[in-house]
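Number of protein chains: 2
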Amino acid sequence: MLDNFFNKLSKTITLTEADKAIFRQHVSVKRLRKHQYLLQEGEVCKSVAFVCKGMLRSYLVDKKNNEHIIQFAPEGWFISDLNSFIMEDISNLNIEAVEDSELILISKTAHVYLETAVPGFYKFNYMQYRGAYMSLQKRLTDIFMLSIEERYTKLLSIYPDITQRVPQHMIASYLGSTPETLSRVRKKIFVKKD
Amino acid sequence: MLDNFFNKLSKTITLTEADKAIFRQHVSVKRLRKHQYLLQEGEVCKSVAFVCKGMLRSYLVDKKNNEHIIQFAPEGWFISDLNSFIMEDISNLNIEAVEDSELILISKTAHVYLETAVPGFYKFNYMQYRGAYMSLQKRLTDIFMLSIEERYTKLLSIYPDITQRVPQHMIASYLGSTPETLSRVRKKIFVKKD
DNA sequence: ATTATTTCTTGATTCATGTCAAGATATTGG
DNA sequence: CCAATATCTTGACATGAATCAAGAAATAAT
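Written out as structure tokens, the structure is:
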């Protein structure tokens with residue numbers, strides 16, 4: 371179960387058996403069934419989650435009670451409200467299981483400890499934050515520059531299996547659109563392909 | 371001239387005189403007059419710039435020749451195309467001086483060297499990337515959740531002097547809108563205040 | 001299997017914002 | 001100081017997407 375996690379780290383840094391032992395002592399495992407929450411708005415985000423199996427989503431709810439999906443996290447990804455986690459501030463984010471999932475949780479104190487006990491983990495996080503920043507920058511430019519249709523086809527080309535795993539209205543939300551509009555966009559795409 | 375830069379670093383890490391000497395040897399200074407470019411699309415981003423004085427902006431141009439402003443960088447801020455800088459890939463970003471500006475440039479080799487020669491600099495960048503990621507996340511959620519009017523008033527509350535330094539059509543572009551729409555939004559805000 | 005729930009589609013309508021165009025103001029350069 | 005350029009405003013109009021509503025299809029629960 372921790373192997374997924376170690377594999378992930380090993381793509382960026384080198385992990386000794388001693389390092390792994392330290393991790394085993396300081397992380398915990400959690401299972402969530404579909405629709406269960408890892409974090410609900412109003413709480414403080416107490417841990418960073420690594421998804422071993424399944425999929426989570428984080429989303430915000432606006433004044434009109436519409437959900438806006440910030441992130442999907444399938445196996446091999448991390449998810450948290452980083453701002454709430456770092457600042458120990460109240461979160462306005464919800465993190466929910468989209469499928470039955472298995473997670474590895476790293477608490478705040480564990481995270482701080484691990485970054486000094488396993489220097490490679492510090493480096494890993496450096497790369498992680500830097501990469502997350504670059505990805506988010508791309509997402510922002512896509513939102514500015516591309517139509518919903520273009521964003522949808524681009525998403526499918528990067529994550530072809532997402533339509534099998536995530537209901538369409540959630541994809542619409544992630545793209546910054548509505549279920550109705552995405553449905554019509556898909557119809558248009560099918561017509562093109564004939 | 372380097373003092374602005376050292377002050378910035380000192381807010382996050384402790385810098386010795388020896389550290390400062392190393393920086394002095396490895397960074398360079400550049401002046402840009404208004405409308406001059408630090409980076410043009412098609413080039414590779416060769417350095418990260420710290421703005422000592424003045425202001426820069428980075429922007430993309432879409433198929434219809436509309437500009438989309440990604441970032442403003444007044445004094446005390448960094449600007450670059452991080453993806454192009456790291457990957458040494460061709461950039462599609464333009465970085466231009468909005469005012470006459472004084473910059474400190476850190477080249478790729480200098481950046482890599484400095485992160486090992488001055489360990490604090492590594493830590494500084496860690497914090498910088500992490501913070502940049504969190505800020506961008508907030509910007510994205512604002513775009514999803516707020517109307518243009520709300521985004522505009524929020525921007526003014528955080529950067530009250532921006533209207534004095536940046537033409538309105540650039541603010542419109544930064545907010546993901548058009549000059550005409552922002553002009554009307556402002557009119558509506560003024561009416562409210564009477 | 002049958003019912004209940006969730007998800008997706010489709011049509012009709014409204015609304016916010018973009019686009020085009022022209023004139024007014026302000027700023028900059030010679 | 002005047003001309004040239006850049007910026008901002010306003011009106012008329014077009015358009016893409018949101019909203020509302022209702023039914024079809026698919027999935028999950030009993």
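Residue numbers (the working numbering), protein chains in the order written: chain A, 371 to 564; chain B, 371 to 564. Built from N, CA and C at the ideal position, the CB exists for glycine as well.
Inset, instruction - Identify, in the order they occur along the chain, each residue of the same chain with its Cβ nearer than 6 Å to the Cβ of G490 (chain A), setting aside the five sequence neighbours on each side. - result: Excluding sequence neighbours, G490 (chain A) sits near I383.
Inset, instruction - Using a Cβ cut-off of 8 Å (strictly closer), state whether Q410 (chain B) contacts chain A. - result: No, no contact with chain A.
Inset, instruction - Give, in chain order, every residue of the region 534-546 of chain A whose Cβ lies closer than 7 Å to some Cβ of chain B. - result: When C-beta distances to chain B are compared with 7 Å, the residues of the region 534-546 of chain A below that value are G546, in chain order.
Legend entry - Exposure of Y429 (chain A), with buried meaning 16 or more beta-carbon neighbours within 10 Å: Classification of Y429 (chain A): buried, given that the 10 Å Cβ count is 16 or more.
Inset, instruction - Find the nearest neighbour of Y407 (chain A) within the set A:V418, A:R427, A:F393, judged by alpha-carbon distance. - result: Selected option, being the one with the closest Cα: A:R427.
Inset, instruction - Determine the burial state of N464 (chain A): buried for a count of at least 16 other Cβ atoms within 10 Å of its Cβ, exposed for fewer. - result: Label assigned to N464 (chain A): buried.
Legend entry - Residues near I528 (chain A) in its chain [Cβ-Cβ closer than 6 Å; skip 5 each side]: Around I528 (chain A): no qualifying Cβ.
Legend entry - Any non-hydrogen atom of the ligand SAH within 7 Å of V414 (chain A) CB: Although the ligand SAH was asked about, the structure shown includes no ligands whatsoever.
Legend entry - Listed by chain order, chain B residues near R500 (chain A) by CB distance under 7 Å: At a C-beta separation below 7 Å, R500 (chain A) has these neighbours in chain B: Y499.
Inset, instruction - Determine, using beta carbons only, whether C415 (chain B) and S471 (chain B) come nearer to each other than 8 Å. - result: Contact annotation: C415 (chain B) and S471 (chain B) have beta-carbon atoms that are not nearer than 8 Å.
Inset, instruction - Taking C-beta pairs closer than 7 Å, name the residues in chain A that F514 (chain B) reaches, listed in chain order. - result: H438, G546, listed in chain order.
Inset, instruction - Would you mind telling me which residues of chain A sit closer than 8 Å to L430 (chain B), beta carbon to beta carbon, in chain order? - result: Those within 8 Å of L430 (chain B) in chain A are T511, F514, M515.
Inset, instruction - In the DSSP assignment, find the alpha helix (DSSP H) that holds I532 (chain B) and state where it starts and stops. - result: Segment 532-535, the alpha helix (DSSP H) holding I532 (chain B).
Inset, instruction - With distances taken Cα to Cα, identify the nearest neighbour of L516 (chain A) among B:Y503, B:A391, B:F455, B:K434. - result: Measuring from the Cα of L516 (chain A), the nearest candidate turns out to be B:K434.
Inset, instruction - Could you list which residues in chain B have their beta carbon closer than 8 Å to that of N453 (chain A), in chain order? - result: Under a criterion of Cβ atoms nearer than 8 Å, the residues of chain B adjacent to N453 (chain A) are, in order, M504, Q507, K508.
Legend entry - Coarse secondary structure for N453 (chain A), derived from DSSP in three states: Helix at N453 (chain A).
Inset, instruction - For Y496 (chain B), go through chain A and note every residue whose CB falls closer than 8 Å to its CB, in chain order. - result: Near Y496 (chain B) (Cβ distances below 8 Å), the residues of chain A are Y492, N495, Y496, Y499.
Inset, instruction - Taking the CB atoms as reference points, tell me whether K404 (chain B) and V468 (chain B) lie closer together than 8 Å. - result: The Cβ-Cβ distance between K404 (chain B) and V468 (chain B) falls below 8 Å.
Inset, instruction - Check whether the region 385-398 of chain B touches the region 444-461 of chain B, taking contact to mean three or more Cβ pairs, one atom from each stretch, closer than 8 Å. - result: Between the region 385-398 of chain B and the region 444-461 of chain B, the count of C-beta pairs closer than 8 Å stays below three; the two stretches do not touch.
Inset, instruction - Report yes or no: do the region 495-510 of chain B and the region 501-516 of chain A share at least 3 C-beta pairs separated by less than 8 Å? - result: In short, these stretches touch, since the Cβ pair count reaches three.
Inset, instruction - Return the CA-CA distance between V555 (chain B) and A480 (chain A), expressed in angstroms with no decimal places. - result: The alpha-carbon atoms of V555 (chain B) and A480 (chain A) are separated by roughly 48 Å.
Inset, instruction - Using beta-carbon positions only, say whether L525 (chain B) and Q538 (chain B) come within less than 8 Å of one another. - result: Going by C-beta atoms, L525 (chain B) is not nearer than 8 Å to Q538 (chain B).
Legend entry - Opposing strand residues paired with V421 (chain A) [DSSP bridges]: Partner residues in the beta bridge of V421 (chain A), as assigned by DSSP, are A:L473.
Inset, instruction - Taking the CB atoms as reference points, tell me whether Y499 (chain A) and Y492 (chain B) lie closer together than 8 Å. - result: Cβ distance not < 8 Å, so Y499 (chain A) and Y492 (chain B) don't count as in contact.
Legend entry - Whole-number beta carbon distance between I513 (chain B) and I513 (chain A), since they are thought to touch under 8 Å: About 7 Å separates the two Cβ atoms, so the contact holds.
Inset, instruction - In angstroms with no decimal places, state the Cα-to-Cα distance between F375 (chain A) and I474 (chain A). - result: Looking at the two C-alpha atoms, the distance is approximately 8 Å.
Inset, instruction - Assign K400 (chain A) to one of three DSSP states: helix, strand, or coil. - result: When DSSP states are grouped into helix, strand and coil, K400 (chain A) belongs to the strand group.
Inset, instruction - Pick helix, strand or coil for H539 (chain A), following the three-state DSSP scheme. - result: Residue state, collapsed to three classes: helix.
Legend entry - Unbroken beta strand (DSSP E) run spanning L409 (chain A), endpoints: From DSSP, the beta strand (DSSP E) with L409 (chain A) extends over 407-409.
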